[in-house]
Amino acid sequence: MQATLAGIRILVLGGDQREIEMVKCLARQGGEIYTVGHRPYPGHDNILQVESLGPFPEAIPKVDVIIAPMSHTDSTGKVRAVPEEGVTIRLDDVFLQRFPPGTPLFIGKALPIVKEAAKRRGIRLFETAEDDEIAILNSIPTAEGAIQIAMEELPITLHGSRSLVLGLGRCGLTLVRVLQGLGAEVIAAARNRAQLARAAEMGAEAVPLEELGEAALAVDVVFNTIPALVLTRELLEKMPKEVLIIDIASSPGGVDFEAAADLGLKGILAPGLPGKAAPVTAGRILGKCLPRMILSALSKH
Ligand code: NAP
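In numbering that gives the first Met the number 0, the protein residues as written are 0 to 300.
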């Protein structure tokens, strides 16, 4: 593997199995990696553990880049996932002030509290989940994870099922393709006419979102990818009682879950699928895509 990251010092703050795999990939590309809250990586001389975050800047090595997890933080700025129990990492002013202004910080998604602290400290934020290359590659484990749930929950095969995909962006189109590969009859709904044309070209039944009616809603399973309320009580009332609704859109999703429960419909909100369904693949995606983003961020500073 090319040593594209030779000489670049990277601080990795917590994470899950994805970040553990990513750390190994970045190290193989020559990065000098410092991890916080990870266990040791035997056999990797260029992966070092930071023992303590201590109150002083000296507690943390001088680094060029910071990487926080794809699973990002809670609303207080606390990193959600850390492999080593008992380690707390909070992306607040106290922590960020230890890094020189201009330091790039990569994170799956930056919540307002992190955005504000980074702005005050001059830290440059890059939201990795929104990068197209990462998002398109991640749509593969996401679709597989959603389909895995469907297979576990449905009493019928996806082959021969009527499957409705709502939203035809990066995840929606991948879902359409994989469902078709399994032999499902796919109905695809979106507001964007170009996306609908692509779904029609792929052989799906394309339905404009505003025209979703009883015929299109007569399905066995729904995969929602739209991060806005789309499956309203009014639409849910038109669906068969046996339908399974899997909502992968970011919280709070696009389904009126309360109405679904009232109507006796089974709805599942399914966040973080790449990390659950295929964490090693998801980590390798980060290991493949982040070097380009890191080099670009460092060249622009
Ligand atoms: P994307 O490429 O932006 O596609 C989103 C789709 O939803 C597009 O068709 C978009 O249409 C449509 N849409 C967005 N807002 C809408 C609205 N208000 N009304 C109608 N349609 C709307 O996003 P993606 O990468 O496919 O991701 C989809 C969602 O899944 C996101 O919330 C993402 O965070 C989440 N996600 C979850 C997982 C998981 O593990 N559960 C994994 C990856 C992604 P337009 O193009 O017209 O806006």
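For every residue, glycine included, the Cβ atom is placed at its ideal position computed from N, Cα and C. As the structure is a prediction and not an experimental result, all values here were calculated from the model.
Limits of the unbroken beta strand (DSSP E) element including Ile186: Sequence index remark: in the sequence shown, residue 186 carries index 187 (1-based). Residues 184-189.
Less than 7 Å separating the beta-carbons of Gly107 and His71? Translated into the one-based positions of the sequence shown, residue 107 becomes position 108. Translated into the one-based positions of the sequence shown, residue 71 becomes position 72. Yes.
For my contact list, Val22 and Ile46 are in at a C-beta cut-off of 8 Å; report their separation, rounded to the angstrom. Start at 1 with the first residue of the sequence shown, and residue 22 comes out as number 23. Start at 1 with the first residue of the sequence shown, and residue 46 comes out as number 47. Rounded, the Cβ-Cβ distance is 6 Å, consistent with contact.
Please classify Lys108: does DSSP put it in a helix, a strand, or coil? Reading the sequence shown from its first residue, position 109 is the one you call residue 108. Note: Lys108 maps to coil in three-state DSSP.
To which residues does DSSP link Phe222 through a beta bridge? Within the sequence shown, residue 222 is the residue found at index 223, counting from 1. Under DSSP, the beta-bridge partners assigned to Phe222 are Val164, Ile245.
Considering just the uninterrupted stretch of the alpha helix (DSSP H) at Gln147, what are its terminal residues? Working through the sequence shown from its first residue, we reach residue 147 at position 148. Start and end: 131-152.
7 Å Cβ cutoff met for Leu104 and Ile133: Here the question's residue 104 lines up with position 105 in the sequence shown. Here the question's residue 133 lines up with position 134 in the sequence shown. In this structure, Ile133 does not lie closer than 7 Å to Leu104 by Cβ.
Beta-carbon contacts of Glu152 that lie in its chain and below 6 Å, excluding the five residues immediately before and after: As a first step, residue 152 is located in the sequence shown; it is residue number 153 there, counting from the start. So the list reads Leu243, once near-sequence residues are dropped.
So the candidates are Gly36, Arg232, Lys265; which of them puts its Cα closest to the Cα of Val81? Counting from 1 along the sequence shown, the entry for residue 81 is found at position 82. Nearest option by C-alpha distance: Gly36.
Just to check my reading of the structure: Gly271 and Val254 have Cβ atoms closer than 8 Å, yes? What is that Cβ distance to the nearest angstrom? As a working mapping, residue 271 is identified with position 272 in the sequence shown. As a working mapping, residue 254 is identified with position 255 in the sequence shown. 17 Å between Cβ atoms; not a contact.
Using the rule of at least 16 other Cβ atoms within 10 Å of the residue's Cβ for burial, across every protein chain shown, is Pro251 buried or exposed? By one-based count along the sequence shown, residue 251 stands at place 252. Exposed is the call here.
Can you tell which of Ile65, Asp246, Glu241, Lys275 has the C-alpha that lies nearest to the C-alpha of Leu264? By 1-based counting over the sequence shown, the position of residue 264 is 265. Considering only alpha carbons, the answer is Glu241.
So if DSSP puts Ala205 in a beta bridge, which residue, or which two residues, is it bridged to? Working through the sequence shown from its first residue, we reach residue 205 at position 206. Per DSSP, Ala187.
Closer than 6 Å by C-beta to Pro273: which residues in its own chain qualify, once you throw out the five before and the five after it? Chain order, please. Numbered from 1 along the sequence shown, position 274 holds the residue referred to as residue 273. Result list for Pro273: Asn137, Pro140, Thr141, Ala281, in chain order.
Apart from the five residues on each side of it in sequence, which residues of its chain come closer than 8 Å, Cβ to Cβ, to Pro68? Reading the sequence shown from its first residue, position 69 is the one you call residue 68. Within the same chain, Pro68 has close Cβ partners Leu12, Gly13, Gly14, Asp15, Arg17, Glu18, Val78, Arg79, Ala80, Ile106, Gly107.
Excluding the 5 residues flanking Leu268 on each side, which residues of the same chain have their C-beta closer than 6 Å to its C-beta? Against the sequence shown, residue 268 aligns to sequence position 269. So the qualifying residues of the chain are Asp246, Gly252.
What is the chain-ordered set of residues for which the beta carbon lies under 7 Å from any non-hydrogen atom of the ligand NAP? Screening all residues for a C-beta within a distance smaller than 7 Å of any heavy atom in the ligand NAP leaves Ala128, Ala134, Asn137, Ser138, Thr141, Gly144, Gly166, Leu167, Gly168, Arg169, Cys170, Gly171, Ala189, Arg190, Asn191, Gln194, Leu208, Thr224, Ile225, Pro226, Ala227, Val229, Ile247, Ala248, Ser249, Ala269, Pro270, Gly271, Leu272, Pro273, in chain order.
Rounded C-beta distance between Ala187 and Leu167? I'm assuming under 8 Å. Position 188 of the sequence shown, counting from 1, holds the residue named residue 187. Position 168 of the sequence shown, counting from 1, holds the residue named residue 167. Yes, Ala187 and Leu167 are in contact; Cβ-Cβ is about 6 Å, under 8 Å.
The beta strand (DSSP E) with Leu4 in it runs from where to where? By 1-based counting over the sequence shown, the position of residue 4 is 5. Neither: Leu4 is in no beta strand (DSSP E) and is coded neither H nor E.
Distance between Asp130 and Leu157 (C-alpha atoms, nearest Å): Locating residue 157 in the sequence shown gives position 158, counting from the first residue. Locating residue 130 in the sequence shown gives position 131, counting from the first residue. Between Leu157 and Asp130, the C-alpha separation is close to 31 Å.
State the Cα-Cα distance for the pair Val62 and Ser295, rounded to the nearest angstrom. For the purposes of this step, residue 62 is identified with residue 63 of the sequence shown, where counting begins at 1. For the purposes of this step, residue 295 is identified with residue 296 of the sequence shown, where counting begins at 1. One Cα belongs to Val62, the other to Ser295, and the distance between them is close to 16 Å.
Looking only at its own chain, which residues have a Cβ that is under 6 Å from the Cβ of Glu126, when we skip the five neighbours before and after it? Within the sequence shown, numbered from 1, the residue matching residue 126 stands at position 127. Cβ within range, chain order: Lys108, Ala109.
In the DSSP assignment, the alpha helix (DSSP H) including Ile155 goes from what residue to what residue? For this step, residue 155 is matched to residue 156 along the sequence shown. Here Ile155 belongs to no alpha helix (DSSP H), and DSSP marks it neither H nor E.
Could you check whether Ala203 and Val175 sit closer than 7 Å to each other, using their CB atoms as the reference points? Your numbering for residue 175 matches position 176 in the sequence shown. Your numbering for residue 203 matches position 204 in the sequence shown. Yes, the Cβ-Cβ distance between Val175 and Ala203 is below 7 Å.
Excluding the 5 residues preceding and the 5 following His43 in the sequence, name in chain order all residues of the same chain whose CB lies nearer than 6 Å to its CB. Stepping through the sequence shown from its first residue, residue 43 is reached at position 44. The residues are Ala26.
Answer yes or no: do Leu124 and Ala117 have a C-beta to C-beta separation smaller than 7 Å? In the sequence shown, the residue the question calls residue 124 occupies position 125. In the sequence shown, the residue the question calls residue 117 occupies position 118. Cβ distance < 7 Å, so Leu124 and Ala117 count as in contact.
Output yes if chain D places a C-beta closer than 7 Å to the C-beta of Lys114; else output no. Judged by its chain identifiers, the structure shown contains no chain D, having just a single protein chain.
Who are the near neighbours of Gln48 in its chain, counting only those whose CB is closer than 7 Å to its CB and skipping five residues on each side? As a position in the sequence shown, residue 48 is number 49, starting the count at 1. Counting only Cβ-Cβ distances below 7 Å, and skipping sequence neighbours, we find Thr34, His37, Pro39.
Member of Val279, Asp91, Thr231 whose CA lies at the smallest distance from the CA of Ile301: Lying outside 0 to 300, the shown extent of the chain, residue 301 is not represented and no answer is given.
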